[in-house]
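Beneath this line is the structure, given in structure tokens, with notes to follow.
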Amino acid sequence: MEKPGHAPSQIDSKACWPSFGWIAVTSRCNLNCTHCQRGMLKERGLLTPSEMSLKVFNRLESEVFPHLKKLQFGGNNFGEQLSASNWDTFFERVSKRNIDISIVSNSMLLNTARIKAMVEAGVEFNFSLEGVSRESYEAVRGHGYDKFFDIISETCRIKNTRQENGSLVSLGYTVFRDNIMETPELIKKAAQIGVDRVIVTHFSPWEENQRKQCLVYHKELSNQVLDKARILAGELGIIVYFPKPFHTSDRSDTPPSQAGLHQKQCLHPWKSFSINEKGDVMPCCATSVVMGNLETTSFYDIWNGRKYKKLRRTVNSSRPLVFCRDCAFREIEAGSAEPISFWSDEQFLLAAIGTEKPKDSSSLTLHKIKTQLRNSRWGNRALPYLMEFYRRNGAFYVTDIHDNLLTPLGRMFTRKR
Ligand SMILES: C[S@@+](CC[C@H](N)C(=O)[O-])C[C@H]1O[C@@H](n2cnc3c(N)ncnc32)[C@H](O)[C@@H]1O
Ligand code: SF4
Numbered sequence: 188m189e190k191p192g193h194a195p196s197q198i199d200s201k202a203c204w205p206s207f208g209w210i211a212v213t214s215r216c217n218l219n220c221t222h223c224q225r226g227m228l229k230e231r232g233l234l235t236p237s238e239m240s241l242k243v244f245n246r247l248e249s250e251v252f253p254h255l256k257k258l259q260f261g262g263n264n265f266g267e268q269l270s271a272s273n274w275d276t277f278f279e280r281v282s283k284r285n286i287d288i289s290i291v292s293n294s295m296l297l298n299t300a301r302i303k304a305m306v307e308a309g310v311e312f313n314f315s316l317e318g319v320s321r322e323s324y325e326a327v328r329g330h331g332y333d334k335f336f337d338i339i340s341e342t343c344r345i346k347n348t349r350q351e352n353g354s355l356v357s358l359g360y361t362v363f364r365d366n367i368m369e370t371p372e373l374i375k376k377a378a379q380i381g382v383d384r385v386i387v388t389h390f391s392p393w394e395e396n397q398r399k400q401c402l403v404y405h406k407e408l409s410n411q412v413l414d415k416a417r418i419l420a421g422e423l424g425i426i427v428y429f430p431k432p433f434h435t436s437d438r439s440d441t442p443p444s445q446a447g448l449h450q451k452q453c454l455h456p457w458k459s460f461s462i463n464e465k466g467d468v469m470p471c472c473a474t475s476v477v478m479g480n481l482e483t484t485s486f487y488d489i490w491n492g493r494k495y496k497k498l499r500r501t502v503n504s505s506r507p508l509v510f511c512r513d514c515a516f517r518e519i520e521a522g523s524a525e526p527i528s529f530w531s532d533e534q535f536l537l538a539a540i541g542t543e544k545p546k547d548s549s550s551l552t553l554h555k556i557k558t559q560l561r562n563s564r565w566g567n568r569a570l571p572y573l574m575e576f577y578r579r580n581g582a583f584y585v586t587d588i589h590d591n592l593l594t595p596l597g598r599m600f601t602r603k604r
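Every number in the numbering used here is 187 more than the matching position in the sequence shown, counting from 1.
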């Protein structure tokens, strides 16, 4: 392993210390938003809310934090980071270090003391919403419309008094058919409040009955409204990150070929990592494949372990691992606003929701996996292990687990019959 602090100047097989990390300290949440998979996963026993242990945090603090340039809380799991019982302690310990900090949050658990401490530490806030009118905000988030905008206004006010600290306030707007028309209004509201940046991403449906809310089915409307909002943002001086316009000349909603995506370089296995509340270490926030667990293993050993070595050897080769193949996260700079909006790449969105045949609901997915396994020579013996694997890993991307891991695995078992 190279000396800590080195960044790879080119892709080689040697590792260096990562400079960017996504960290989730809890999968608990104070809300139950209708667009978020979390509620469904919890209801079906696929997500058991938990928190990062002190042991894992201590390990991160001693082994990894000394080398980090930036740490993002949240955005790599389903949960609200501010609802962690150790949040204030964890935050204080990170903020003492020379690390840029950002957070993806629903904002509801902020108070004046927390905002002040976070502004003091120069935090980049990314607050999520799905509606500008009370009706559409609360249709998704349930309640708290006034509170949300009060907190954002207070954060902007406090941030403006301590501009030298470099804090930034962003609004993250997830767009779909029912709320797209409010995007220009969002830009006006952001300018009024003093928000620095608006990041728009597409809603990715996870149940069949949500499919037509996805804007790939309303391409012209989406392009028109977002164009209008982009012009308005320019006039009002708001920085925006919008999804790329859809290709409207292509009338089909079939995923374009993903061929060639894997030819783009990926440096994430050298530069960044993602850690969830259970202490699982993953290569980035685009996959839930676990490289090792910090409850039992040191970060050093995971980072230099067999799995990471294999990943680094293959990721930029002609035969990347299944979950790296066609990944839209290649070449995207961790820590910029891009990772938040990369989901909105049309190719990625179409591939994620599937179009040629209706995408299965997650329960149907599970049912199919069970049937596939029962018919395999491994029969019911393998099932409990697979279900446990799914339960442990399926909490973030049901589609990821299904398409990248379980389907090939199921096929392999079936072939061997
Ligand atoms: C899962 S949340 C976790 C952080 C925090 N609790 C929050 O609400 O910001 C992270 C982001 O994912 C977005 N999100 C949730 N479900 C989504 C979906 N089906 N498609 C696209 N974005 C989604 C949320 O709106 C939020 O901006
Ligand atoms: S979007 Fe965020 S706040 Fe809403 S349920 Fe999901 S994790 Fe919780």
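Virtual Cβ for every residue (Gly too), placed ideally from N, Cα, C.
- Taking the Cβ of E267 as the reference point, at least one heavy atom of ligand 2 falls within a distance shorter than 6 Å.
- With a cutoff of 6 Å, L218 counts as near ligand 2, since its C-beta is closer than that to a heavy atom of the ligand.
- Cβ neighbours of R246 within its own chain (closer than 7 Å, five residues either side excluded): L481, S485, F486.
- Put simply, of N313, C343, N219, K229 the residue whose alpha carbon is nearest the alpha carbon of V327 is N219.
- In the three-state reduction of the DSSP assignment, W209 falls in the strand class, which pools E and B.
- Note: N313 is bridge-paired with V291, S357 in the DSSP secondary-structure output.
- Restricting attention to alpha helix (DSSP H) runs no shorter than 4 residues, the segment 231-260 encloses them at 241-250, ordered along the chain.
- Judged by the Cβ position, F390 qualifies as a neighbour of ligand 1 at the 6 Å threshold, a heavy atom of the ligand being closer than this.
- Cα atoms of K242 and V319: separation of roughly 41 Å, rounded to the nearest angstrom.
- Taking a 10 Å sphere around the C-beta of T474, we find 16 or more other C-beta atoms and assign the residue as buried.
- Per the C-alpha coordinates, the member of W209, I386, A304, V502 positioned closest to F252 is W209.
- With a threshold of 16 other beta carbon atoms within 10 Å, Q452 falls short and is exposed.
- Exclusion of the five residues before and after P371 leaves K415, A416, L419 as the residues of its chain whose Cβ lies within less than 6 Å of its Cβ.
- Beyond the five residues adjoining it in sequence on each side, A271 comes within less than 6 Å, by CB distance, of V212, T213, E238 in the same chain, given in chain order.
- At least one heavy atom of ligand 2 lies closer than 6 Å to the C-beta of C223.
- If the five residues before and after I286 are omitted, its C-beta is found closer than 8 Å to the C-beta atoms of F252, L255, K256, K257, L258, all from its own chain and listed in chain order.
- With a threshold of 16 other beta carbon atoms within 10 Å, E311 meets it and is buried.
- If you ignore the 5 residues before and after K375, its C-beta comes within less than 8 Å of the C-beta of L419, L423, all in its own chain and listed in chain order.
- With respect to the 7 Å criterion, G359 and N313 are classified as neighbours on the basis of their beta carbons.
- With a cutoff of 6 Å, N410 does not count as near ligand 2, since its C-beta is closer than that to no heavy atom of the ligand.
- Taken from the Cβ of N293, at least one heavy atom of ligand 2 lies inside 6 Å.
- Distance check between D365 and each of S323, C472, S315 places S323 closest, using alpha-carbon atoms only.
- Comparing alpha-carbon positions, the option among V362, F363, A378 lying closest to I339 turns out to be A378.
- For R500, the closest alpha carbon among the candidates D467, M305, H455 is that of H455.
- Shortest Cα-Cα distance from H434 to any of L408, I426, W457 involves L408.
- For the 7 Å CB-CB criterion, L269 and L234 do not form a contact.
- Counting along the chain, no alpha helix (DSSP H) covers R506, and no H or E run does either.
- Residue environment for E395: exposed (fewer than 16 other C-beta atoms within 10 angstroms of its C-beta).
- Counting the other CB atoms within 10 Å of its CB gives S504 a total below 16, which places it among the exposed residues.
- In the DSSP assignment, H455 falls within the alpha helix (DSSP H) that extends over 455-458.
- In the structure shown, N264 adopts coil according to DSSP, grouped into three states.
- When DSSP states are grouped into helix, strand and coil, N396 belongs to the helix group.
- Under the DSSP definition of a beta bridge, I426 partners with R384.
- The three-state secondary structure of M469, taken from DSSP, is strand.
- It is roughly 19 Å from the alpha-carbon of S294 to the alpha-carbon of V362.
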